[in-house]
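Read through the structure below, which is laid out as structure tokens, and then see the notes.
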Amino acid sequence: MAPDVKPMKPEEILQIIHAQRGSAICVPTMTTSPHWRTIAPDDLSVTCVGFMGGASSLGLGLALAQPDRRVLVLDGDGSLLMQLGSLATVAGAAPRNLVHFLFKNGVYHTSGAQGIPGGLTVDFVAMAKGAGYRTARSIHDIEDFKHRLPELLKAEGPVFVELHTGLSEQTPMTAGGGVPFPRQVTDLRAKLLRPRARA
Amino acid sequence: MPESIPATLIIDTLKDTFREARAALAAEVAEPPKHGHLGWILSVPDTHQKTVLAALDKEEQIRVLTCATEDEATTIAAGLHIGGEPCVLMIQHAGLYASVNTLRGVAMDGQIPLFYMIGLLSREKDKQPRESRHSMVRYCEPLLDTFGVPHARLEGPDDVHLIPEYYRLSLARKGPAAVLVGLETI
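Read top to bottom, the protein sequences are chains A and B. Counting from 1, position 83 in the first sequence corresponds to residue 83 in the working numbering; the numbering is continuous, with no gaps. Take any residue in the second sequence, note its place counting from 1, add 199, and you have its number in the working numbering.
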């Protein structure tokens, strides 16, 4: 990280994404999930919970099924490391409608902030580029993020954005609650496909 | 004695299964996805089903996505399901062992219908899988039993009807169901 730049606040980033996302489907995971559900409680979201590392793959499946909608993955660095091969799988599938945000804080915040392997030196942008994402970039500054987000949300995917952040105020362990995953699945499916009314 | 199943028979059965799934969804929802293909195969290549995978390369009506791991395949399948797309996971037993936490978290706890075709690589023709000298063959059915995943074995061409049956079963129970491919396909 650039030494003179303060890490961005995850909550602030999420607010900005929410304000500009339009009708995009969002897939938060781990520390992005508690705040996301407070700002976007009833929308087109499904949280990757109970299978850490799966956010990018869940987002990929949604993006392939719903190519006319944007899908935004709100991933974590520790999470992505658990299924790092998904970078190649996403790039291979080449969904034009997928934007993969990586909230990079260098730790497993939820389990007690132990450092991830390699800490903040891991270069996920290089990995995403090497895997074949169409665009991959790193952002350190919140004003720069605000400025670039509209073009990132319109760009042809898959797009990868590494966001240098501090720790979130809440984790899934401290926040608790939330809509159970099966209910989220049912709700999102119903919103996307609109079940016919029964006679 | 078990027999090998021709790849073409499996692919024709998969097409019928996908057509049925799309028709059922169209009856159920107002906005089913409109795609040119019938459905998806999510594959982490399985030696036992390699003739099927080779034949699928030439098949335009079925899209094949090769995944780096079975964890990914399982989770991508969940996303496809939420978005209304029919899919089948094509993996081998070792991949099932590698991805049991995702099977639990996504398909079971998430109550998502996922249908697996699992190749029993190294299964001996003259033995029941549970009597195999290979642990990777021997533990597959007991593992599925432990997780409460209904399963059946394709032991020859006459058994391909189990593919749509277990696909429907996964939908009905909102969870995983599997068929095991007993011998290498031809």
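All C-beta atoms, glycine included, are put in the ideal place defined by N, C-alpha and C. Owing to the predicted nature of the structure, the values given are computational and were not obtained by experimental measurement.
- Per DSSP, Arg367 of chain B is one residue of the alpha helix (DSSP H) stretching across 361-372.
- Restricting attention to alpha helix (DSSP H) runs no shorter than 4 residues, the region 60-144 of chain A encloses them at 77-82, 86-93, 124-131, ordered along the chain.
- The Cβ atoms of Ala131 of chain A and Ala88 of chain A lie closer than 9 Å to each other.
- At least one CB of chain A lies nearer than 9 Å to the CB of Leu264 of chain B.
- Counting along the chain, Pro375 of chain B sits inside no alpha helix (DSSP H); it lies in the beta strand (DSSP E) bounded by residues 375-380.
- In this structure Pro7 of chain A does not touch Thr32 of chain A by the C-beta definition: roughly 15 Å separates them, more than the 8 Å allowed.
- Along the region 269-286 of chain B, the positions whose C-beta sits under 9 Å from a C-beta of chain A are Asp270, Glu271, Ala272, Thr273, Thr274, Ile275, Ala276, Ala277, Gly278, Leu279, His280, Ile281, Gly282, Gly283, Glu284, Cys286, read in chain order.
- Thr265 of chain B is not a Cβ neighbour of Ser298 of chain B, given a cutoff of 9 Å.
- With the criterion set as a beta carbon lying under 7 Å from some beta carbon of chain A, the members of the region 301-330 of chain B are Thr301, Gly304, Val305, Asp308, Gly309, Gln310, Ile311, in sequence order.
- Secondary structure at Met307 of chain B: helix, using DSSP grouped into helix, strand and coil.
- For Leu102 of chain A, there are no C-beta contacts with chain B under 7 Å, since the nearest C-beta of that chain is about 17 Å from it.
- No Cβ of chain B is located within less than 9 Å of the beta carbon of Arg134 of chain A.
- DSSP, reduced to helix, strand and coil, places Val161 of chain A within a strand of the structure shown.
- Distance from the Cα of Val122 of chain A is smallest, within the candidate group A:Gln83, A:Asp77, A:Cys48, for A:Asp77.
- Excluding the 5 residues flanking it on each side, Thr110 of chain A has same chain C-beta neighbours closer than 7 Å at Met30, Thr31, Thr171, Pro172, Met173, in chain order.
- Look at Arg262 of chain B here: in three-state DSSP terms it is strand.
- When A:Leu60, A:Val5, A:Arg70, A:Thr47 are compared, the shortest CA-CA separation from Gln20 of chain A is found for A:Arg70.
- Rounded to the nearest whole angstrom, the C-alpha separation of Leu84 of chain A and Met200 of chain B is 42 Å.
- At a cut-off of 9 Å between C-beta atoms, Val299 of chain B does not count as an interface residue with respect to chain A.
- The straight-line gap separating the alpha-carbon atoms of Ala376 of chain B and Tyr315 of chain B is approximately 6 Å.
- Per DSSP, reduced to three states, the secondary structure at Met173 of chain A is helical.
- Contacts between Val251 of chain B and chain A, judged by CB atoms closer than 7 Å, are missing: the closest CB pair is about 20 Å apart.
- Within a 10 Å sphere around the beta-carbon of Asp75 of chain A sit 16 or more other beta-carbons, which makes this residue buried.
- Look at the beta carbons and you see the region 218-226 of chain B not touching the region 34-48 of chain A: under three pairs across the two are nearer than 8 Å.
- Around the beta carbon of Ser56 of chain A, 16 or more other beta carbons sit within 10 angstroms, so the residue counts as buried.
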